[in-house]
Amino acid sequence: QVQLVESGGGLVQAGSSLSVSCTASKMVTGIQAMGWYRQAPGKQREFVATIRSNGSPNYADSVKDRFHIAKNKVGNTVYLQMNSLNPEDTAVYYCPAVTPWRDLWGPGTQVSVSS
162 QVQLVESGGG
172 LVQAGSSLSV
182 SCTASKMVTG
192 IQAMGWYRQA
202 PGKQREFVAT
212 IRSNGSPNYA
222 DSVKDRFHIA
232 KNKVGNTVYL
242 QMNSLNPEDT
252 AVYYCPAVTP
262 WRDLWGPGTQ
272 VSVSS
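Per our numbering: the sequence shown ends with 276, consecutive numbering throughout.
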């Protein structure tokens, strides 16, 4: 069964903003952190941002001045606000949830940025 669902991807022009979100189902308990990774065609999956249950964020150098990660109070939804997008940000964006028992991943959402 699907336990993490990403949404909000799409096609935008360079310089635009886009927000994606990810929600964990009620079956997912003990979330310690949630975040975002991305995988561009022909490349390895790479870290984008993460946020701990205490709200502490961490960003990849390539996005830290452009992207903002946040979560809801319950801690089962994470948001990624992406600003000043460029074609190099084109990728499938995946949302992981870290729990004491295992890491869960969503199916991903496509973000495409045209030049």
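Positions of the beta carbon are idealized from the N, C-alpha and C atoms, including for glycine.
Fill in: Rounded C-alpha distance that separates Ala221 from Thr211
So the two alpha carbons sit approximately 9 Å from each other.
Discussion item. Which same chain residues end up closer than 6 Å to Ala194 when comparing Cβ atoms and leaving out the 5 residues on each side of it in sequence?
Written reply: Hits under 6 Å: Thr211, Arg213 and Val259.
Worksheet item: Near Asn247, which residues of its chain fall below 7 Å by C-beta distance, leaving aside the five closest residues on each side in sequence?
Response: Around Asn247: Ala175 and Val274.
Worksheet item: If we count the other Cβ atoms within 10 Å of its Cβ and call it buried at 16 or more, is Val152 buried or exposed?
Response: Absent from the structure is residue 152, since the part of the chain shown begins at 162 and ends at 276.
Practice prompt. Would you decide whether Arg263 is buried or exposed? Buried here means 16 or more other CB atoms lie within 10 Å of its CB.
Written response: By the neighbour-count criterion, in which 16 or more other beta carbons inside 10 Å mark a residue as buried, Arg263 falls on the exposed side.
Fill in: Identified DSSP bridge partners for Ile192
Ile192 is not bridged to any residue.
Worksheet entry | Reduced DSSP secondary structure (H/G/I, E/B, other) of Asp250 | helix
Item to complete: Classify Asp264 as helix, strand or coil using the three-state DSSP reduction.
Response: strand
Worksheet entry | Range covered by the beta strand (DSSP E) that runs through Cys183 | Following the DSSP letters along the chain, one finds Cys183 inside the beta strand (DSSP E) bounded by residues Leu179 to Ala185.
Practice prompt. State buried or exposed for Val235, treating a residue as buried only when at least 16 other CB atoms are found within 10 Å of its CB.
Written response: exposed
Worksheet item: Hey, quick one: how far does the beta strand (DSSP E) through Ser168 stretch, first residue to last?
Response: Leu165 to Ser168
Worksheet item: Given that a residue counts as buried once 16 or more other Cβ atoms are within 10 Å of its Cβ, and exposed if not, what is Pro202?
Response: exposed
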